[in-house]
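Accompanying notes for the structure given below.
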Amino acid sequence: MTRGALLCVLLHASDVHRTWAAPIIDALQGRLLIAERSSPSLSPSSNASSLANLSYADLASLILGTPPAPTPTESQSSISPEDEPYPFSFSFTQLSTSTPSSTVTITVTEEEPTTIILSPLPITITELITITASPSSTTTSPSPSTLPDPGLGSAKALWTAPPDMKDLTPFNVSKVSSNGLHNMKIVTAIPSEAIATSDSSDPDSTRSSNEDLHSTGSMMQILYPENSINPGQKPQGGAEFYASPIDISTARNVTLQYRVFFPVDFDWVLAGKMPGLYGGHSGCSGGNAALDCFSTRLMWRKGGAGELYLYAPKDKQTDDLCSDPASVCDAAYGLSIGRGSFKWKPGAWTTVKQTVYLNTPGEQDGVFALDVDGERTIYREDVFYREDMRPWSSTFFGGHEEKYATPKDQYVWFKDFALAYNS
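Laid out in structure tokens, this is it:
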């Protein structure tokens, strides 16, 4: 008889026979049933044959029928299925009209449970990362979010104009405008009439301390003759020269700083140029297409409004650079960036510090930052410059038309020039 048949019969046993069926039912809960059939009158081989021939109906009648009287055997009288520990046995007598009577003995044993642990198959996840190398011909560092603060900070190289200079030798001038520098001279004092007073009628004028205005030290005095416009016309206006006080030809990040003093009664007219940096080649101004150069001079506009006057490849700039309401982009001349973002002070010193961080080749990520008297006034990080840099002292009235000309002789003073090779 198969184990499945025996289990099926036991599960349907009636409540009347639960007393003797309980050990077998209990064995269903994690124990293995082993049934053996024995008879004193049968041989082992016959015994196995009879067990094999036992039908489902015969077993059901044995279990579900009236419990037979106990057979007086040693096993029957000494085993109590309900109380004895495993293993235990109990017997039944099979009654049949067609076959001799026989006794069936069932022995129940307990086995250790078998634990099967199912583990999921290992899963391998492969992530592919593609790395594209940048061209190795040019090594650059990323544009900084915070630019060096010249003081000029921890620059790789730093130059400052000596306070007692007698001429332009410390600037290492490499080129001078065609009409020379006869409008420039080195002085040590500012005329008192140029200094702002407390009762000045100009609301933008500022009283500077006597110590600052009358301190000893060299200053560069620039004359703008009456009716002058720029150094290329007559009368020659202002002065212009290119300098290389330190080698910054391989620099990517450079800071230029200087101080300028406008007289209290300075007539701004329409506009004028101020010193800045340049790169590529000289002459990046005057309507130059700036295809292979750039310049970052500052300007004053009417009323002393300040700005960056940028020459750079116009067709490679971002749309945002010129769509800014504070910018005016001229198709023929330079780009007026941040117009009116600060004011030049008449009757007092104004300190300007511009930092240029060259763009990555082919990218519009160049930086221009301008601090005026210690406050950030212009900051752009979308400029296309390229090439190397050098200082360019260029100051005159203009514009290129007579309407920009100064109506009288006027002077401006410069001092404390400094140049930092940051990186």
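Count the sequence shown with mature numbering (1 follows the signal peptide of the UniProt record, and there is no 0) and you get residues -21 to -1, 1 to 402, in order. Just so it is clear, CB atoms sit at the ideal spot from N, CA and C, and this is done for glycine as well.
Own chain partners of residue i with C-beta closer than 6 Å, once the 5 adjacent residues on each side are dropped
| i | result |
| --- | --- |
| Phe396 | Ala140, Tyr237 |
| Asp352 | Thr330 |
| Asp303 | none |
Span separating the alpha-carbon of residue i from that of residue j
| i | j | result |
| --- | --- | --- |
| Leu287 | Leu349 | 8 Å |
| Tyr383 | Tyr203 | 12 Å |
| Phe321 | Thr330 | 12 Å |
| Pro129 | Ser228 | With a pLDDT of only 42 at Pro129, under the threshold of 50, the placement of this residue in the model should not be trusted; the figure read from the coordinates follows. C-alpha separation (whole angstroms): 19 Å. |
| Pro292 | Ser171 | 44 Å |
| Asp299 | Ser223 | 33 Å |
| Asp143 | Pro370 | 21 Å |
| Thr119 | Val233 | Note that Thr119 has pLDDT 35, beneath the 50 cutoff, so the model's placement of it is unreliable and no number is given. |
| Asp309 | Ala268 | 11 Å |
| Arg359 | Gly259 | 20 Å |
| Ser264 | Met368 | 15 Å |
| Phe273 | Gly341 | 15 Å |
| Cys301 | Ser402 | 28 Å |
| Asp226 | Gln296 | 28 Å |
| Glu354 | Gly378 | 28 Å |
Test item: CB-CB of residue i and residue j under 8 Å
| i | j | result |
| --- | --- | --- |
| Pro254 | Ser157 | no |
| Met198 | Lys387 | no |
| residue 437 | Ile174 | One cannot answer for residue 437 here, as it falls past the ends of the chain, which runs -21 to 402. |
| Asn162 | Gln215 | yes |
| Gly248 | Phe375 | Looking at the sequence shown, residue 248 is not Gly but Val. For Val248 and Phe375, no; Cβs fall outside 8 Å. |
| Gly313 | Ala305 | no |
| Arg231 | Ala250 | no |
| Asp246 | Thr385 | yes |
| Lys252 | Gln200 | no |
Own chain, CB closer than 7 Å to residue i, minus 5 neighbours either side, in chain order
| i | result |
| --- | --- |
| Asn338 | Asp344, Gly345, Val362, Phe363, Tyr364, Arg365 |
| Thr275 | Gly255, Leu256, Leu287, Leu289, Gln333, Val335, Phe347 |
| Pro149 | Ala140, Pro141, Pro224 |
| Ala284 | Arg318, Gly319, Lys322 |
| Val307 | Ser315, Arg318 |
Outcome for residue i when other beta-carbon atoms lying within 10 angstroms are tallied against a minimum of 16
| i | result |
| --- | --- |
| Lys135 | exposed |
| Gly326 | buried |
| Pro210 | buried |
| Gly159 | exposed |
| Gly282 | exposed |
| Ser153 | exposed |
| Lys145 | exposed |
| Ser133 | exposed |
| Gly196 | exposed |
| Ala218 | buried |
| Leu270 | exposed |
Spatially closest choice to residue i from the options, by CA coordinates
| i | options | result |
| --- | --- | --- |
| Glu205 | Lys252, Met144, Gln389 | Gln389 |
| Asn151 | Ile169, Phe220, Lys295 | Phe220 |
| Trp392 | Tyr358, Lys145, Val166, Ser302 | Val166 |
| Ile208 | Glu380, Ser402, Pro340 | Glu380 |
| Leu235 | Cys301, Trp328, Ala168, Leu277 | Leu277 |
| Trp328 | Gln296, Ser261, Phe241, Ser302 | Phe241 |
| Val155 | Ser261, Asn401, Thr297, Gln296 | Ser261 |
Residues near residue i by beta carbon distance below 8 Å, same chain, minus five either side
| i | result |
| --- | --- |
| Ala311 | Gly266 |
| Thr356 | Gly285, Gly317, Ser320, Phe321, Leu349, Asp350 |
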